[in-house]
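Notes follow the structure.
In my numbering, the protein residues as written are 1 to 283.
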């Protein structure tokens, strides 16, 4: 399935992506999607899929900044730029990865942010996995929905709120993830606008579901099947929603709420537990 892209008419969205130079050397499994023996990554196909994602974002009006990863040969998952940090204004709260297989990525991201005019911060003693587990929503980004449990420690949230405080008084909402397949919030929750988001309710515990429904954001559910196609792991630019191939049901849902679904193949990245959103970070 595919749709014709429509140019964004709002402010230009700036997005960081990391070239998957060493992505094929993933030899470990740190989530239920990964099995490097039975599901090895095809490097050429992964690079082609990444390039298609980049070009699609640019086609709809996004501005992509590419971080090269030539010297990050020991950190193949660095392609998943969403985990680099959570950004507000010119401040980047850096990730502190739970698994040792990813911890070395932090220094590469830190260097990139500082070289590009960002102030960096973030603790190194508590697990926190960037915008993979912290998504802005609400009017003027007044809400930060933060996934906790599998990868991010809830104890990171007070410091996150303190360090990114810009005087606007945003609220951090801790969201407990309970399904190991949806180990980051960005594979189960996708803000489309200030007041609208896709979500898979089954990824969250009942208390979290109740709390999320009461934060002034209209939540549009997807099914477990659709969530398994990474339908919530989408890149939103204007009214365009760029995501992995999924069901016609999702296409109809997105069109019904006034958005334009654009489907691309992210199959090589799904082998590592990520899709289009995981490969991007709004900066």
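Each residue gets a CB set at the ideal place from its N, CA and C atoms; glycine is no exception. Being a predicted model, the structure only gives us computed values, none of them experimental.
Is residue i helix, strand or coil when you go by DSSP?
| i | result |
| --- | --- |
| residue 17 | strand |
| residue 283 | coil |
| residue 86 | strand |
| residue 123 | coil |
| residue 41 | coil |
| residue 228 | helix |
| residue 62 | coil |
| residue 161 | helix |
| residue 34 | coil |
| residue 237 | strand |
| residue 212 | helix |
| residue 218 | strand |
| residue 113 | helix |
| residue 150 | coil |
| residue 106 | helix |
Out of the options, which one is the CA nearest neighbour of residue i?
| i | options | result |
| --- | --- | --- |
| residue 265 | 125, 65, 79 and 56 | 56 |
| residue 83 | 107, 51 and 90 | 107 |
| residue 173 | 154, 270 and 146 | 146 |
| residue 139 | 97, 261 and 215 | 215 |
| residue 133 | 184, 90 and 66 | 184 |
| residue 206 | 222, 102 and 179 | 179 |
| residue 51 | 38, 65 and 40 | 65 |
| residue 126 | 97, 254, 141 and 142 | 97 |
| residue 41 | 60, 53, 54 and 21 | 21 |
| residue 131 | 123, 118, 119 and 152 | 152 |
| residue 156 | 117, 124, 170 and 135 | 124 |
| residue 119 | 90, 28, 245 and 49 | 90 |
| residue 204 | 148, 168 and 154 | 148 |
If we count the other Cβ atoms within 10 Å of its Cβ and call it buried at 16 or more, is residue i buried or exposed?
| i | result |
| --- | --- |
| residue 111 | exposed |
| residue 115 | exposed |
| residue 88 | buried |
| residue 10 | At residue 10 the pLDDT is 49, less than 50, meaning the model places this residue with poor confidence; the figure from the coordinates comes in the next sentence. When all chains shown are included, residue 10 counts as exposed. |
| residue 224 | exposed |
| residue 186 | buried |
| residue 85 | buried |
| residue 261 | buried |
| residue 1 | Residue placement at residue 1 is flagged as unreliable, the pLDDT there being 43, under the threshold of 50; the coordinate-derived value follows with that caveat. Residue 1 comes out exposed. |
According to the Cβ coordinates, are residue i and residue j closer than 8 Å?
| i | j | result |
| --- | --- | --- |
| residue 197 | residue 219 | yes |
| residue 177 | residue 150 | yes |
| residue 129 | residue 95 | yes |
| residue 76 | residue 23 | yes |
| residue 164 | residue 241 | no |
| residue 258 | residue 271 | no |
| residue 68 | residue 19 | yes |
| residue 227 | residue 182 | yes |
| residue 121 | residue 190 | no |
| residue 280 | residue 15 | yes |
| residue 269 | residue 245 | no |
| residue 143 | residue 162 | no |
| residue 274 | residue 80 | yes |
Is the beta carbon of residue i within less than 7 Å of some heavy atom of the ligand MG?
| i | result |
| --- | --- |
| residue 172 | As for the ligand MG, it is missing from this structure, which has no ligand bound. |
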